[in-house]
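J.: Sending over a structure as structure tokens; questions will come in a sec.
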Amino acid sequence: MAIAHPAYEQLRQVTPTASVLLADNPGKMTLDGTNTWILRGTGSAECVVVDPGPRNKAHIDKIAELAGPVALTLITHRHFDHTAGLKRHIKRTGSPVRSADPKFLRDSDRPLEDGEVIEAAGLQIRVLATPGHTKDSVSFVLDDAVLTGDTILGRGTTVIDASDGTLADYLASMDRLVEAGAGKALLPAHGPDHADAAAVAKMYIAHRQQRLDQVRAALDTLGQDAKPMKVVRHVYADVDKKLWPAARQSVKAQLDYLRS
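With positions in the sequence shown counted from 1, the corresponding number in this note's numbering is that position plus 4.
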């Protein structure tokens, strides 16, 4: 029987070139946990690791055990559930690391650049800048799949990080992913994979537009100067209150977008 998501610390083949190792760090923001993607071209002994994940010794050791030689490690964005295990991962594998944020570079002085093509482990991986969730968010485009980090999740929707994410950037990134994801699988950093990345991106756009309409309606009722949490209580009344702090970040981004 084929392994199905979620399968903690089991290497699950998803496409001919992509396997996933799910970290055992489920939570409100991580869903079932963080997906560490292991990419390998046909016949390659080496692999590319995307997002080593949290500071979880068992998970990092399992990557080293199952991945084999790591030619390169790529980071989709800075959040700790993707990067906190990086130090041990480097120690275990000796892998160079590249990211858009220079903070995480190792054995390289080149941050990832939009449009560049990385050749490693028998693959060509195109870097696609997809800011919005965070300013440094990137996606990786393969011949048959797109790895979207937290920009598109396997279920639910993405929070806009109020510290540097913007809804304008996010919507522009969704448009890019509709184009880049046509005919390709969606390989997210949290939640299950999907067969059609472009279709999921279109659903995300529709959802964001629906939320914007709800926020506009809330402002008509509450007043145009209503604070984010007041809007959350109005728009997200049917959502678990434990998720309201995260919803507040997205509402703040929506208010900034509408007011600008």
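Every residue gets a Cβ at the ideal spot worked out from N, C-alpha and C, and that includes glycine.
My understanding is that Ala11 touches Pro58, with C-beta atoms under 8 Å, so please give their C-beta distance in whole angstroms.
T.: Their Cβ separation, rounded to whole angstroms, is 17 Å, which puts Ala11 and Pro58 out of contact at 8 Å.
J.: Between Thr19 and the rest of its own chain, which residues show a CB-CB distance below 6 Å, the 5 nearest in sequence each way excluded?
T.: So the qualifying residues of the chain are Asp148, Ala149 and Ala189.
J.: Using beta-carbon positions only, say whether Asp55 and Thr34 come within less than 8 Å of one another.
T.: No.
J.: So what does DSSP say about Ser264, is it helix, strand or coil?
T.: Ser264: coil per DSSP, three-state reduction.
J.: Mind checking whether His86 and Thr77 have CB atoms under 8 Å apart?
T.: Taking 8 Å as the Cβ cut-off, His86 and Thr77 do not qualify as a contacting pair.
J.: Less than 8 Å between the beta carbons of Val182 and Lys206, yes or no?
T.: Yes. Within cutoff.
J.: For Ala241, is the classification buried or exposed, using 16 other Cβ atoms within 10 angstroms of its Cβ as the cut-off for buried?
T.: Exposed, since its Cβ has fewer than 16 Cβ neighbours within 10 Å.
J.: Here's the rule I'm using: 16 or more other beta-carbon atoms within 10 Å means buried, otherwise exposed. How should Phe108 be labelled?
T.: Phe108 should be labelled buried.
J.: Starting from Ile67, follow the alpha helix (DSSP H) in both directions and report where the run begins and ends.
T.: That run of the alpha helix (DSSP H) goes Lys61 to Ala71.
J.: Taking DSSP as the reference, what is the three-state secondary structure of Ala8?
T.: If DSSP states are grouped into helix, strand and coil, Ala8 belongs with coil.
J.: Could you tell me whether the Cβ atoms of Ser177 and Pro135 are closer together than 8 Å?
T.: Yes. Within cutoff.
J.: Does Leu157 come out as helix, strand or coil in the three-state DSSP assignment?
T.: DSSP places Leu157 in coil when its eight states are reduced to three.
J.: From Arg44 to Gly126, what distance separates their C-alpha atoms?
T.: Straight-line Cα distance between these residues: approximately 7 Å.
J.: Could you tell me the distance, in whole angstroms, from the CA atom of Thr225 to the CA atom of Pro100?
T.: Looking at the two C-alpha atoms, the distance is approximately 53 Å.
J.: Using C-beta distances below 8 Å, list every residue in its chain close to Gln14, excluding the 5 sequence neighbours before and after it, in chain order.
T.: Within the same chain, Gln14 has close Cβ partners Ile7, Leu25 and Leu26.
J.: By a C-beta neighbour count over all protein chains shown, 10 Å radius and 16 as the cutoff for buried, is Arg102 buried or exposed?
T.: Classification for Arg102: buried.
J.: Taking only runs of the alpha helix (DSSP H) that begin and end inside the segment 188-230, which ones reach a length of at least 4 residues, in chain order?
T.: List check, alpha helix (DSSP H) in window: 201-226.
J.: CA-CA distance, Ala250 and Ala184?
T.: Those two C-alpha atoms are separated by around 28 Å.
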